[in-house]
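See below for the structure under consideration.
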Amino acid sequence: MATTNELKNGMVLKIDNQLWQVVEFQHVKPGKGPAFVRTKLKNVLSGKNVDRTFNAGVKVETATVDRRDMQYLYNDGTDFVFMDLDTYEQLPISAEVIGDNKNFLLENQNAVVATNEGTVLFIELPASVVLEVTFTEPGLQGDRSNAGTKPATVETGYEVQVPLFINEGDKIKVDTRTGEYLTRA
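The sequence shown: position 99 = 88 (our numbering), numbered continuously.
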């Protein structure tokens, strides 16, 4: 149990027998009336976002979330297989849990796997990853109809908008949260 004054971003709460991750929170002290905490919560399993307001100092139930560093090994067709770096135990994770993170997963890449009572909740990738461009059209310098960017396919099969000077074989840094091109690596 924790009070609403102890909320932090990323904390997982158990509300109505469901797990909710705190995305944002704000303590509000109006001129009149008691203080309260305005939160934005994300359902860990379904991904649904809700806004919820709590009175200040109210106790909320926290869920114990075990975060472990694991290494992505391979995709066996239905599941993504990760290995615990401490025990070398292999853990298959379904594609539904991985979600859009599959666009940025490379073999032997490390990620943080969050579990609760043996159930995998989500994975956290580094903020950015380096991927190799496997296909892109040559960029024509005079072609500015698309604001100086062109689509490029990276080694995971994901398509990202890149500047015109990027060619096949180049390594680029991609933001895993937004899926956008950051810089050449």
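Built from N, CA and C at the ideal position, the CB exists for glycine as well.
Check: Unbroken beta strand (DSSP E) run spanning A100, endpoints; Outcome: 99 to 105
Check: T167 - partner residues in DSSP beta bridges; Outcome: Note: T167 sits in no beta bridge, so no partner.
Check: Alpha-carbon spacing of V47 relative to V39, whole angstroms; Outcome: 19 Å
Check: When N44, W9, N6, G(-1) are compared against T16, the one with the closest alpha-carbon; Outcome: The amino acid at residue 16 is misidentified as Thr; the sequence shows His. That would be N44, whose Cα lies nearest to the Cα of H16.
Check: Assigned secondary structure, K48 (DSSP; H/G/I helix, E/B strand, else coil); Outcome: strand
Check: Where V86 sits in the DSSP three-state scheme; Outcome: helix
Check: K91 - DSSP class collapsed to helix/strand/coil; Outcome: helix
Check: DSSP-derived helix/strand/coil call for E78; Outcome: coil
Check: Backbone CA spacing between F179 and G128 [nearest angstrom]; Outcome: For residue 179 there is no data in the structure shown, the boundaries of the chain being -10 and 174.
Check: C-alpha distance - R57 paired with Y147, whole-angstrom precision; Outcome: 26 Å
Check: CB-CB length for V12 against N(-2), believed under 8 Å; Outcome: 7 Å
Check: First and last residue of the uninterrupted beta strand (DSSP E) at I112; Outcome: 108 to 113
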